[in-house]
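*Asks:*
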Amino acid sequence: MFETLTPPEADKIIRIMGMFQSDPRNDKVDLGVGVYRDPQGRTPVMAAVAEAEAQIAEAQTTKSYVALSGDIAFRDALRDLILGDTVSTDRVATCATPGGTGAVRQALEMVRRVNPDADIWMPDPTWPNHNAIVRDLGLTERIYRYYDAETGGLDRDGMRADLAQAKAGDVIVLHACCHNPTGADLNADDWADIAALCEQTGAVPFVDAAYLGFGESFEKDTAGLRLMAGRLPEVLIAASCSKNFGIYRERAGLCMAITRTPKARDAVSGLMTSLNRIHFAFPPDHGARIVQVILASPDLKQSWSDELSEMRSTMTANRKALADALREATGSDRFGFLAAHKGMFSLIGATPEQVVRLRDEHGVYVIDDGRMNVAGLTPETIPTVAKAIAEVLA
Ligand code: LMR
Numbered sequence: 181m182f183e184t185l186t187p188p189e190a191d192k193i194i195r196i197m198g199m200f201q202s203d204p205r206n207d208k209v210d211l212g213v214g215v216y217r218d219p220q221g222r223t224p225v226m227a228a229v230a231e232a233e234a235q236i237a238e239a240q241t242t243k244s245y246v247a248l249s250g251d252i253a254f255r256d257a258l259r260d261l262i263l264g265d266t267v268s269t270d271r272v273a274t275c276a277t278p279g280g281t282g283a284v285r286q287a288l289e290m291v292r293r294v295n296p297d298a299d300i301w302m303p304d305p306t307w308p309n310h311n312a313i314v315r316d317l318g319l320t321e322r323i324y325r326y327y328d329a330e331t332g333g334l335d336r337d338g339m340r341a342d343l344a345q346a347k348a349g350d351v352i353v354l355h356a357c358c359h360n361p362t363g364a365d366l367n368a369d370d371w372a373d374i375a376a377l378c379e380q381t382g383a384v385p386f387v388d389a390a391y392l393g394f395g396e397s398f399e400k401d402t403a404g405l406r407l408m409a410g411r412l413p414e415v416l417i418a419a420s421c422s423k424n425f426g427i428y429r430e431r432a433g434l435c436m437a438i439t440r441t442p443k444a445r446d447a448v449s450g451l452m453t454s455l456n457r458i459h460f461a462f463p464p465d466h467g468a469r470i471v472q473v474i475l476a477s478p479d480l481k482q483s484w485s486d487e488l489s490e491m492r493s494t495m496t497a498n499r500k501a502l503a504d505a506l507r508e509a510t511g512s513d514r515f516g517f518l519a520a521h522k523g524m525f526s527l528i529g530a531t532p533e534q535v536v537r538l539r540d541e542h543g544v545y546v547i548d549d550g551r552m553n554v555a556g557l558t559p560e561t562i563p564t565v566a567k568a569i570a571e572v573l574a
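Adding 180 to a residue's 1-based position in the sequence shown gives its number in my numbering.
(1) Here's the rule: buried if 16 or more other CB atoms are within 10 angstroms of the residue's CB, otherwise exposed. What is Tyr245?
(2) Report yes if the C-beta distance between Gly363 and Lys192 is below 8 Å; otherwise report no.
(3) Just the Cα atoms here: how many angstroms apart are Ser449 and Asp270?
(4) For the candidate residues Ala375, Arg499, Gly221, whose alpha-carbon lies nearest to that of Phe517?
(5) Considering only the alpha carbon of each residue, which of Asp350, Asp540, Ala232, Glu571 lies closest to Val294?
(6) In the DSSP assignment, the alpha helix (DSSP H) including Arg195 goes from what residue to what residue?
(7) Quick one, are the C-beta atoms of Ala419 and Ala257 less than 8 Å apart?
(8) At which residues does the alpha helix (DSSP H) containing Pro305 begin and terminate?
(9) Taking DSSP as the reference, what is the three-state secondary structure of Val213?
(10) Compare the C-alpha of Ser485 against each of Phe398, Gly332, Leu334, Asp373 and name the closest.
(11) CB-CB under 7 Å to Arg205, same chain, minus the five flanking residues each way: which ones, in chain order?
(12) Between the alpha carbons of Asp479 and Ala232, how many angstroms are there, rounded?
(13) Please state if the CB of Cys435 and the CB of Thr274 are separated by a distance shorter than 8 Å.
(14) Enumerate in chain order the residues of its own chain whose CB-to-CB distance from Gln534 is below 7 Å, with the five nearest sequence positions on each side excluded.
(15) Do Cys357 and Tyr324 have their CB atoms nearer than 8 Å?
(16) Just how far apart, CA to CA, sit Ala501 and Asp218?
(17) Which partner residues of Arg322 appear in the DSSP bridge assignment?
(18) When the distance is taken between beta carbons, is Ala568 closer than 8 Å to Thr510?
(19) Of the choices Asp207, Pro187, Gln201, Met181, whose alpha-carbon is the least far from that of Glu541?
(20) Can you tell me which of Ile474, Lys243, Met226, Val213 puts its alpha carbon nearest to the alpha carbon of Pro464?
(21) Work out the CA separation of Pro563 and Gly279 for me, nearest whole Å.
(22) Please report the straight-line C-alpha distance between Pro303 and Asp265, rounded to a whole angstrom.
(23) Tell me which same chain residues have a C-beta within less than 6 Å of the C-beta of Asn360, skipping the five on either side of it?
(24) For the alpha helix (DSSP H) containing Cys378, list its first residue and its last residue.
(25) First and last residue of the alpha helix (DSSP H) that includes His466?
(26) Along the alpha helix (DSSP H) that carries Asp172, what are the first and last residues, could you check?
(27) Considering His355, what are the terminal residues of the beta strand (DSSP E) in which it resides?
(28) By alpha-carbon positions, which one of Val536, Ser489, Gly382 ends up nearest to Phe200?
(29) Nearest CA to the CA of Val267: which residue from Ala190, Pro413, Gly433, Ile300?
(30) Rounded to a whole number of angstroms, what is the C-alpha to C-alpha distance between Ala348 and Ala234?
(31) Going by DSSP, what residues sit across from Cys435 in a beta bridge?
(32) For Gly426 and Val225, which I take to be in contact (beta-carbon distance under 8 Å), what is that distance rounded to the nearest angstrom?
(33) Going straight from the alpha carbon of Ile547 to that of Asp203, what length do you get?
(34) Can you tell me whether Ile323 sits near the ligand LMR, meaning its C-beta is under 7 Å from at least one heavy atom of the ligand?
(35) Tell me whether Pro532 is buried or exposed, calling it buried when 16 or more other Cβ atoms sit within 10 Å of its Cβ.
Below you can see the structure in the form of structure tokens.
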């Protein structure tokens, strides 16, 4: 059966992850996959997470199944944290998923079932798994202009012109904050513009919220998403707890659908449950339970929020330190945009050949498109990375 199988190629992020792991050099620097590192280069278990895990271990008397859609307390708590009171909860269907990717998959599976003719509009560029999942589902992939490499900002005119072509029932993929891979985010006016475009065309926004709390603050990072949720009849949301709770391997995510009516909400809840059932039956519970325990305790929630702020400050400091070091090394402000971007990622503007040189000659690993995980830098590695970039990109 498998004799003629050619294994599918891993995507560019997973490929670089593998190359980094098999590089024997001690001074290699991993700026590939999106994992946060503290100034000592560690990816710590957050204090609130460790405490929640201890409480769970103490209190848990069974590992029996929970529910096909996941624990209702987790789903309600994360829904409320993200949406606040912007939309009546009887219009919000939720299901727990294995990580944010599981939520992206479930949301797009739903689109395929209810409207297989939908075009899925994705920003240029976007996280490669968006494109891969859309293609795998046989949905139609459309790309809208987003990033302007010249300015390190957005191509607003291009974006508007492209999204104006969307038709009713099409889906527009948006990044809630900390755009992956560019780090260039929509501002409040952009969100309002896109909401207006959705009202005019009948397209449905699908917001991927993988980095809430990594941009400006949890509240501010949800602002665009909440604007959509409060204004439009239908919105899809994929939320991840991997980065902002630092529980990557536990795979905790939430798929949410805002519907026109409570009746439609019930139908969507049923579809979500059945999709979970046929894909993996019950979603993982441990990570979801950690999040739920933290959000239910004012002390743990405060500790989590404080540590999240610290992580954000580290990323902001990395951005500034790298931009400063590059200003000094290149004598120009060419990389000044690094300090203005938000979240883990920025595109450094390297060609594929330059990416190979950074890796081969300097042991600096970034993704083929020049995406750098700024959260992978430390005070120790910033000077060498700046020197390598200045030399290779000169
Ligand atoms: C990334 O973009 O590096 C992360 O979201 C990890 C992943 O699964 O790709």
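Ideal placement from N, C-alpha and C gives every residue a C-beta, glycine not left out.
*Replies:* The short version:
(1) On the sequence shown, residue 245 is found 65 positions in, with the first residue counted as 1. Label assigned to Tyr245: exposed.
(2) The residue you call residue 363 lines up with position 183 of the sequence shown. The residue you call residue 192 lines up with position 12 of the sequence shown. In this structure, Lys192 does not lie closer than 8 Å to Gly363 by Cβ.
(3) On the sequence shown, residue 449 is found 269 positions in, with the first residue counted as 1. On the sequence shown, residue 270 is found 90 positions in, with the first residue counted as 1. Their Cα atoms are separated by approximately 11 Å.
(4) Translated into the one-based positions of the sequence shown, residue 517 becomes position 337. Nearest C-alpha to Phe517: Arg499.
(5) Walking along the sequence shown from the start, residue 294 turns up at place 114. Ranking the options by Cα distance to Val294, first place goes to Asp350.
(6) As a position in the sequence shown, residue 195 is number 15, starting the count at 1. The continuous alpha helix (DSSP H) containing Arg195 extends over residues 192 to 202.
(7) Residue numbering aside, residue 419 sits at position 239 when the sequence shown is read from its first letter. Residue numbering aside, residue 257 sits at position 77 when the sequence shown is read from its first letter. The answer is no: Cβ separation not under 8 Å.
(8) The count along the sequence shown starts at 1 and reaches residue 305 at position 125. Note, Pro305: premise wrong, no alpha helix (DSSP H); not H, not E.
(9) Along the sequence shown, one-based indexing puts residue 213 at 33. Three-state result, Val213: coil.
(10) Here residue 485 refers to the residue found at position 305 when the sequence shown is read from its first residue. For Ser485, the nearest C-alpha among the options comes from Phe398.
(11) The sequence position of residue 205 within the sequence shown is 25, counting from 1. Result list for Arg205: Gly543, in chain order.
(12) Position 299 of the sequence shown, counting from 1, holds the residue named residue 479. Position 52 of the sequence shown, counting from 1, holds the residue named residue 232. Whole-angstrom Cα-Cα distance: 11 Å.
(13) Position 94 of the sequence shown, counting from 1, holds the residue named residue 274. Position 255 of the sequence shown, counting from 1, holds the residue named residue 435. Yes.
(14) Locating residue 534 in the sequence shown gives position 354, counting from the first residue. Within the same chain, Gln534 has close Cβ partners Val572, Leu573.
(15) Counted from its first residue, the sequence shown places residue 357 at position 177. Counted from its first residue, the sequence shown places residue 324 at position 144. No, Cβ-Cβ distance for Cys357 and Tyr324 is not below 8 Å.
(16) The sequence position of residue 501 within the sequence shown is 321, counting from 1. The sequence position of residue 218 within the sequence shown is 38, counting from 1. Looking at the two C-alpha atoms, the distance is approximately 15 Å.
(17) Within the sequence shown, the letter at position 142 stands for residue 322. DSSP, once it has assigned bridges, lists Trp301 as partnering Arg322.
(18) Along the sequence shown, one-based indexing puts residue 510 at 330. Along the sequence shown, one-based indexing puts residue 568 at 388. Contact flag unset, no.
(19) Numbered from 1 along the sequence shown, position 361 holds the residue referred to as residue 541. That would be Asp207, whose Cα lies nearest to the Cα of Glu541.
(20) Along the sequence shown, read from residue 1 onward, the residue named residue 464 stands at position 284. Cα-wise, what sits closest to Pro464 is Lys243.
(21) Residue 279 sits at position 99 when you count from the first residue of the sequence shown. Residue 563 sits at position 383 when you count from the first residue of the sequence shown. The alpha-carbon atoms of Gly279 and Pro563 are separated by roughly 34 Å.
(22) Within the sequence shown, the letter at position 123 stands for residue 303. Within the sequence shown, the letter at position 85 stands for residue 265. Taking the straight line from one Cα to the other gives about 28 Å.
(23) Position 180 of the sequence shown, counted from the first residue, corresponds to residue 360. Taken in chain order, the residues that qualify are Trp307, Phe525.
(24) On the sequence shown, position 198 is the one that residue 378 refers to. Residues 368 to 381.
(25) The residue you call residue 466 lines up with position 286 of the sequence shown. First-last of the alpha helix (DSSP H) with His466: 466 to 476.
(26) Nothing in the structure corresponds to residue 172, since the chain is present only between 181 and 574.
(27) Walking along the sequence shown from the start, residue 355 turns up at place 175. Element bounds for His355: 351 to 355.
(28) Counting from one through the sequence shown, the residue named residue 200 turns up at place 20. The shortest C-alpha separation from Phe200 is found at Val536.
(29) Your numbering for residue 267 matches position 87 in the sequence shown. The option with the nearest alpha carbon to Val267 is Pro413.
(30) Sequence index remark: in the sequence shown, residue 348 carries index 168 (1-based). Sequence index remark: in the sequence shown, residue 234 carries index 54 (1-based). Rounded to whole angstroms, Ala348 to Ala234 spans 49 Å at the Cα level.
(31) The sequence position of residue 435 within the sequence shown is 255, counting from 1. Looking at the DSSP assignment, Cys435 forms a beta bridge with Cys275, Ala418.
(32) Along the sequence shown, read from residue 1 onward, the residue named residue 426 stands at position 246. Along the sequence shown, read from residue 1 onward, the residue named residue 225 stands at position 45. For Gly426 against Val225, the beta-carbon gap comes to about 7 Å, under 8 Å, which counts as contact.
(33) Within the sequence shown, residue 547 is the residue found at index 367, counting from 1. Within the sequence shown, residue 203 is the residue found at index 23, counting from 1. Those two C-alpha atoms are separated by around 15 Å.
(34) Sequence index remark: in the sequence shown, residue 323 carries index 143 (1-based). No, the beta carbon of Ile323 sits no closer than 7 Å to any heavy atom of the ligand LMR.
(35) Stepping through the sequence shown from its first residue, residue 532 is reached at position 352. So Pro532 counts as exposed.
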